[in-house]
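J.: Supplied in structure tokens, the structure appears directly below.
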Amino acid sequence: MPMWLQALMWGTVAGGALVLGSGIAWLWKVPPKVVSTVMAFGAGVLISALAFELVNEAVEGGGLLPTIGGFLLGALIFVGSNALLARAGAKHRKRSDARQPSEQESPGSGTAIAVGALIDGVPESVVLGVGLLASGTVSPAMLAAVFISNVPEGLSSTAGMKKAGRSPAYVFGTWAGIAVFSGLASLLGYTALEKAPVALIAFITAIAAGGILAMLADTMIPEAFEEHHNLTGLTAAVGFLTAFTIHHVGG
Numbered sequence: 012m013p014m015w016l017q018a019l020m021w022g023t024v025a026g027g028a029l030v031l032g033s034g035i036a037w038l039w040k041v042p043p044k045v046v047s048t049v050m051a052f053g054a055g056v057l058i059s060a061l062a063f064e065l066v067n068e069a070v071e072g073g074g075l076l077p078t079i080g081g082f083l084l085g086a087l088i089f090v091g092s093n094a095l096l097a098r099a100g101a102k103h104r105k106r107s108d109a110r111q112p113s114e115q116e117s118p119g120s121g122t123a124i125a126v127g128a129l130i131d132g133v134p135e136s137v138v139l140g141v142g143l144l145a146s147g148t149v150s151p152a153m154l155a156a157v158f159i160s161n162v163p164e165g166l167s168s169t170a171g172m173k174k175a176g177r178s179p180a181y182v183f184g185t186w187a188g189i190a191v192f193s194g195l196a197s198l199l200g201y202t203a204l205e206k207a208p209v210a211l212i213a214f215i216t217a218i219a220a221g222g223i224l225a226m227l228a229d230t231m232i233p234e235a236f237e238e239h240h241n242l243t244g245l246t247a248a249v250g251f252l253t254a255f256t257i258h259h260v261g262g
């Protein structure tokens, strides 16, 4: 299979986990503690992946300065975008409770939530494509991390969308569209940087890592703590060790 097609396929598979989580939340009423437990686990998985799969490899491949610059830029981009989206009604897009506003309460919030979900998922997908450049194959640890974390994201967000009165067409159209965009983002990460200098690849990888960490702190971890409280740290630690083990076994 051509490498560009692999990038497209793996990005779509990872994004498809959002649709899986969404379907579970739409068909069944998932207890809030279950949602927060899975969210905490997914947060730990992503923290491990960005530390060992992204930041570490960026430093080794392109040096410390491009990694630091990219990481800070990624965090700034996400935080700035998130602040703008919060004003438009997407502040609680990953919450499973009734805090997401309806379209009647906040006109345009549906679009803002969809854009916010897309911004959350793009960095993760880009690094899947970039990873193919370095090793010639998708990183099992990174793929597992993105997939595992996307399931609770889709689950929690959809539970909130359902309570806000969003239609099935909106909910599944949003997540299916993001799954497609995830595949395209992975493809772009591979094709656009195929002949790029290693320092630039490290910079782009670090941007994704910074954005992912900011996303975790702003959206996933608050939702995880909402119901889980004292067990959030332990569950996140188990997620971290799971991804860490996959990284070492796969590497």
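12 is the number of the first residue of the sequence shown in my numbering; add one for each residue after it. We put the CB at the ideal spot given by N, CA and C, even for glycine.
1) Could you name the residues of the same chain whose beta carbon sits closer than 6 Å to that of Gly250, not counting the 5 residues immediately before and after it, in chain order?
2) Could you tell me whether the Cβ atoms of Met50 and Pro163 are closer together than 8 Å?
3) Do you know whose CA, among Ala94, Ile257, Lys40 and Met12, lies nearest Val157's CA?
4) Might you give, ordered along the chain, the residues of its own chain that have their beta carbon closer than 6 Å to the beta carbon of Pro134, omitting 5 neighbours on each side?
5) In terms of alpha-carbon separation, which member of Leu31, Gly147, Ala60 and Leu75 lies closest to Gln17?
6) On the three-state DSSP scale, how would you describe Pro208?
7) Under the three-state reduction of DSSP, which class applies to Ser150: helix, strand or coil?
8) Give the DSSP-derived three-state secondary structure of Met12 in the structure shown.
9) According to DSSP, simplified to helix, strand and coil, what is Trp39?
10) Thinking C-beta only, is Ala225 closer than 8 Å to Val70?
11) Taking the beta carbon of Trp186 as the centre, do at least 16 other beta carbons fall within 10 Å, making it buried, or is it exposed?
T.: In this structure, then:
1) These residues qualify, in order along the chain: Phe52, Gly55 and Val56.
2) In this structure, Pro163 lies closer than 8 Å to Met50 by Cβ.
3) Put simply, of Ala94, Ile257, Lys40 and Met12 the residue whose alpha carbon is nearest the alpha carbon of Val157 is Ile257.
4) Here the set comprises Ala219, Gly222 and Ile223.
5) If we check each option's Cα against that of Gln17, Gly147 comes out closest.
6) Looking at Pro208 - three-state DSSP - the assignment turns out to be coil, as it is neither helix nor strand.
7) In the structure shown, Ser150 sits in coil (DSSP, three-state: anything other than H, G, I, E or B).
8) Under the three-state reduction of DSSP output, Met12 falls in the coil class, being neither helix nor strand.
9) In the structure shown, the three-state DSSP call for Trp39 is coil.
10) No, these two residues do not count as a Cβ contact at 8 Å.
11) Around the beta carbon of Trp186, 16 or more other beta carbons lie within 10 angstroms, which makes this residue buried.
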